[in-house]
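Chains as they are written, first to last, in our numbering: chain A, 3 to 310; chain B, 4 to 422.
Glycine is no exception: its CB is placed at the ideal position from the N, C-alpha and C atoms.
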Amino acid sequence: MTVAADASEQESWFHRNQQRIAPWLFLTPGMLFFLVYVIIPVFQSFNLSLYEWDGLGAAEYVGFRNYEDLYWEWVDRDAFYISMKNNLIWLILYLAAIPAGLFIALFLNQTVWGIRLYKSLFFFPFVISQVVVGLVFTWFYDPTFGLLNEFLGFFGLGPVNVLGDERFVTYGIIFAGLWPQTAYCMILYLTGLNAVDPEQIEAGRLDGAKGWKMLWHIIIPQLRPATFIAFVVTIIGALRSFDLISIMTQGGPFGSSRVLAYYMFEVALSEYGFRMGYGAAIAVILFLIMLCFIAYFLWSMYREEKGR
Amino acid sequence: MYSTFKRTTAALALGVAMAAPAAAELTGDLRIFLDTSNPAPRATMEAMIERFGAQHPGLEIETTVIDREAYKTQIRNFLTADTPDVATWYAANRMKPYVEAGLFEDVSDLWAEPEIADNLASTKGALTIDGKQWGVPYTYYQWGVYYRKDIFDELGLSEPTTWEEELSNCQKIVDSGRACYTIGTKFLWTAGGWFDYLNMRTNGFDFHQQLANGEVSWEDDRVKQTFANWKQLIDMGAFIDNHQTYSWQEALPFMVNGEAAAYLMGNFAVAPLRDAGLTDDQLDFYQFVAINPDVELAEDAPTDTFHIPANASNKEAAREFLRFVVSADEQTEINNGANLGQLPVNAQSAVDDDKFLQQGFEMLSSNSPGGVAQFWDRDAPAEMAKVSMEGFQEFMVKPDNLDRILAKLERARERIYDN
Numbered sequence: 003m004t005v006a007a008d009a010s011e012q013e014s015w016f017h018r019n020q021q022r023i024a025p026w027l028f029l030t031p032g033m034l035f036f037l038v039y040v041i042i043p044v045f046q047s048f049n050l051s052l053y054e055w056d057g058l059g060a061a062e063y064v065g066f067r068n069y070e071d072l073y074w075e076w077v078d079r080d081a082f083y084i085s086m087k088n089n090l091i092w093l094i095l096y097l098a099a100i101p102a103g104l105f106i107a108l109f110l111n112q113t114v115w116g117i118r119l120y121k122s123l124f125f126f127p128f129v130i131s132q133v134v135v136g137l138v139f140t141w142f143y144d145p146t147f148g149l150l151n152e153f154l155g156f157f158g159l160g161p162v163n164v165l166g167d168e169r170f171v172t173y174g175i176i177f178a179g180l181w182p183q184t185a186y187c188m189i190l191y192l193t194g195l196n197a198v199d200p201e202q203i204e205a206g207r208l209d210g211a212k213g214w215k216m217l218w219h220i221i222i223p224q225l226r227p228a229t230f231i232a233f234v235v236t237i238i239g240a241l242r243s244f245d246l247i248s249i250m251t252q253g254g255p256f257g258s259s260r261v262l263a264y265y266m267f268e269v270a271l272s273e274y275g276f277r278m279g280y281g282a283a284i285a286v287i288l289f290l291i292m293l294c295f296i297a298y299f300l301w302s303m304y305r306e307e308k309g310r
Numbered sequence: 004m005y006s007t008f009k010r011t012t013a014a015l016a017l018g019v020a021m022a023a024p025a026a027a028e029l030t031g032d033l034r035i036f037l038d039t040s041n042p043a044p045r046a047t048m049e050a051m052i053e054r055f056g057a058q059h060p061g062l063e064i065e066t067t068v069i070d071r072e073a074y075k076t077q078i079r080n081f082l083t084a085d086t087p088d089v090a091t092w093y094a095a096n097r098m099k100p101y102v103e104a105g106l107f108e109d110v111s112d113l114w115a116e117p118e119i120a121d122n123l124a125s126t127k128g129a130l131t132i133d134g135k136q137w138g139v140p141y142t143y144y145q146w147g148v149y150y151r152k153d154i155f156d157e158l159g160l161s162e163p164t165t166w167e168e169e170l171s172n173c174q175k176i177v178d179s180g181r182a183c184y185t186i187g188t189k190f191l192w193t194a195g196g197w198f199d200y201l202n203m204r205t206n207g208f209d210f211h212q213q214l215a216n217g218e219v220s221w222e223d224d225r226v227k228q229t230f231a232n233w234k235q236l237i238d239m240g241a242f243i244d245n246h247q248t249y250s251w252q253e254a255l256p257f258m259v260n261g262e263a264a265a266y267l268m269g270n271f272a273v274a275p276l277r278d279a280g281l282t283d284d285q286l287d288f289y290q291f292v293a294i295n296p297d298v299e300l301a302e303d304a305p306t307d308t309f310h311i312p313a314n315a316s317n318k319e320a321a322r323e324f325l326r327f328v329v330s331a332d333e334q335t336e337i338n339n340g341a342n343l344g345q346l347p348v349n350a351q352s353a354v355d356d357d358k359f360l361q362q363g364f365e366m367l368s369s370n371s372p373g374g375v376a377q378f379w380d381r382d383a384p385a386e387m388a389k390v391s392m393e394g395f396q397e398f399m400v401k402p403d404n405l406d407r408i409l410a411k412l413e414r415a416r417e418r419i420y421d422n
């Protein structure tokens, strides 16, 4: 104690406060980048959404007119309405990746010869690019030459044009998206299963729990952290779904598979777009929706930490 | 510094030796950006630039080829920052945003030169905005109906010239278990081609341009008549099924396999059809039939162009390059069958003796009195093109939604053109 006191008289201010400053020093580069590439652009988007700008000439201030246009698209059940609706479908159905991932993880969590190979095969779709996933499923769904219709034909079911029918297209794309997303959840659960306490399982077994009861009361509660992460990445993944839509349908047929992220790209950055302010307004709406979830995640994480 | 000096003296010496006319030797850098990223056009362009370079040894030419799709977004950046001296683009409304933003150089002075004024007169309109010209064309190509002659022969059909013949031909083709037309509307613009032709044949070129310029309501009865004609074809099953899932290339096999008899397309479809194994005996071409006898025939013939960005640093060399590009010999060379395989824009050039180019050239030069349109997505503003082509696609799949589609397009028109 006295040594420290002595030292503090001789040492510089930096040395005295090292403990407190060091974390901030390490954080600074990251925070700076986060500020420049994330936080500031968020506010710039807010600002841009009040303007009409084609990316070339002068921007014209139009107040909330972009939002007004969006509102009318909503009322008319037009592009914006369709995008929102599809976003909602994505949100709900994409969550199927979590239970699917859990069950595959449980299935693969055994010690059998060659299990690593099976695990790799199940994980494979997450490693390959979304572009490839999109292309593979596009061929799979192809109404004339695709495997799906060959398969349906076996059962005497008529040909169905999944990606060309506005009733099925979104579900078709979500199904393709679930393939890699399930693999992702599976890997989260596999790591989670490694941390399951064998003593608790033993105790449960002594009390006569097995099968579903064991899973529900002993295993799943212990997988909570994995479930939480799976939930977060799946929700975020569903809301930012873009690449599969871009590859498989380009938002079509006639715009029926758009989601907000793709619609934003379409109006602001694609070949016929360049309505920067309008795109920014869509981005702001998407941001606000995401904010609800992010706030919820942060809040529950905070509660978790505090509870400990 | 030294090298510049040397170059200048060399140029001077050359100038004196050859007693060259007033035009001084070009020096400095010339940066050219191209969107001709496919192998054949790319090689054509690079060879042409090499020939230009050989004429101007004092010029350091740097060529950048950018992927065609990426180019469409990158052009917005490179016209403002890091500007080249020459850039490729498209005519008509497609260049309007850049003209209005002051990013393209006014090249009316080139068009005033007799060499260009006389020989390029046919494409002048497509490059004119506000009475000035903003670039020069280097190639164009005809649109029309490419069809399987062997299928027509088998069914005893001949090239139609009237709408009635077209419909009765089509009925026979449908009865034989085929589709009349293949089409892939996944990327929308192919449906724009059908609309162009049906509307120009129903209501004429001027009406079509008025519609593209937002001067006519989409709920106008004349527009509805166009769609009614279109619906006749849709209702009889003229188009292949599931076209909304295919790109234009993916729609080719239907014609190659004989499941569809014809394709309304630009001349660029000929090369892949030949590559797929169709011979010139099997493949033929006819001009889109007349529908309304009161309107003159007009054609789609999109023109690809060269422009000088307003911020270019070597505009003198760029102008010389533009003159070179449109010269009769170069036009003959770059558009021949071995290169671009399209039509030269210079009236003094020779058209390749390919049968489709010959037919197309004849059609455009002597049988399209109504005028020459660029194409729907180049004539209409980008936003309107997007919304409307989506509507065309929907109409082709669900013709009964027409009223809703037209109401939507009308709302889009009111929003897009009022500012």
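Beyond the five residues adjoining it in sequence on each side, V375 (chain B) comes within less than 6 angstroms, by CB distance, of E302, A304 in the same chain, given in chain order. Every alpha helix (DSSP H) of 4 residues or more that sits fully in the region 215-253 of chain A is shown, in chain order, as 226-241, 245-250. In the structure shown, D56 (chain A) falls within a coil segment according to DSSP collapsed to helix, strand and coil. In chain order, P100 make up the part of chain B whose C-beta sits under 7 angstroms from the C-beta of D56 (chain A). Per DSSP, Q77 (chain B) has no beta-bridge partner at all. By the neighbour-count definition (other C-beta atoms within 10 Å, threshold 16), A115 (chain B) is an exposed residue. At least one CB atom of chain A sits nearer than 8 angstroms to the CB of L106 (chain B). Sixteen is the threshold: when 16 or more other Cβ atoms of the shown chains lie within 10 Å of the Cβ of M48 (chain B), as they do, the residue is buried. Contacts with chain A at 8 angstroms (Cβ-Cβ) do not include A94 (chain B). With fewer than 16 other Cβ atoms from the protein chains shown falling within 10 Å of its own Cβ, T30 (chain A) counts as exposed. Per the Cβ contact rule, the region 191-198 of chain A is not in contact with the region 157-166 of chain A (fewer than 3 Cβ pairs under 8 angstroms). The residues P347, S352, A353, in chain order, have a CB closer than 7 angstroms to that of T335 (chain B) in the same chain once the five nearest residues on each side in sequence are set aside. Against chain B, the CB of Q224 (chain A) has no partner CB under 8 angstroms away; the residue lies outside that interface. Taking a cut-off of 8 angstroms for Cβ pairs, the region 239-247 of chain B and the region 389-401 of chain B touch, as three or more such pairs fall below it. In the DSSP assignment, V89 (chain B) forms a beta bridge with B:I35.
Here the C-alpha atom of G179 (chain A) lies approximately 29 angstroms from the C-alpha atom of R277 (chain A).
Taking 8 angstroms as the cut-off, the Cβ atoms of A264 (chain B) and I176 (chain B) count as close. Looking at the backbone, the Cα of F257 (chain B) and that of T185 (chain B) are separated by about 6 angstroms. Three or more Cβ pairs drawn from the region 227-240 of chain A and the region 93-100 of chain A lie within less than 8 angstroms of each other, which places the two stretches in contact. Looking at the backbone, the Cα of D357 (chain B) and that of G340 (chain B) are separated by about 7 angstroms.
Under the DSSP assignment, P200 (chain A) falls in the alpha helix (DSSP H) whose first and last residues are 200-208. Under the three-state reduction of DSSP, I64 (chain B) is assigned to strand.
The residues V390, G394, in chain order, have a CB closer than 8 angstroms to that of K411 (chain B) in the same chain once the five nearest residues on each side in sequence are set aside. Using a 10 angstroms sphere on the CB of M188 (chain A), the tally of other CB atoms reaches 16 or more, which defines it as buried. Residues of the region 307-322 of chain B that bring their beta carbon within less than 7 angstroms of a beta carbon in chain A are absent altogether.
At the C-beta level, Y264 (chain A) and I287 (chain A) stay beyond 8 angstroms of one another.
Contact with chain B is found for N163 (chain A), since one of that chain's Cβ atoms lies less than 8 angstroms from the residue's Cβ. Within the region 374-399 of chain B, those residues whose Cβ lies closer than 8 angstroms to any Cβ of chain A are, in chain order, D380, A385, E386, A388, K389, E393, G394, Q396, E397. Residues of the region 265-297 of chain A with a Cβ closer than 9 angstroms to any Cβ of chain B, in chain order: E268, V269, L271, S272, E273, Y274, G275, F276, R277. Rounded to the nearest whole angstrom, the CA to CA distance from H17 (chain A) to Y63 (chain A) is 52 angstroms.
Per the DSSP secondary-structure output, F309 (chain B) pairs in a beta bridge with B:T91, B:V139. Residue-level contact by beta carbon fails for R45 (chain B) and chain A, as no gap is shorter than 8 angstroms. Contact check for V328 (chain B) and Y141 (chain B): beta-carbon distance about 5 angstroms, within the 8 angstroms limit, so the pair qualifies.
Ranked by Cα distance from N342 (chain B), the options B:L106, B:R45, B:P163, B:W137 are led by B:R45. The beta carbon of G280 (chain B) sits closer than 8 angstroms to those of V259, all from its chain and outside the five residues before and after it, given in chain order. Under DSSP, G147 (chain B) takes part in a beta bridge, and its partners are B:M268.
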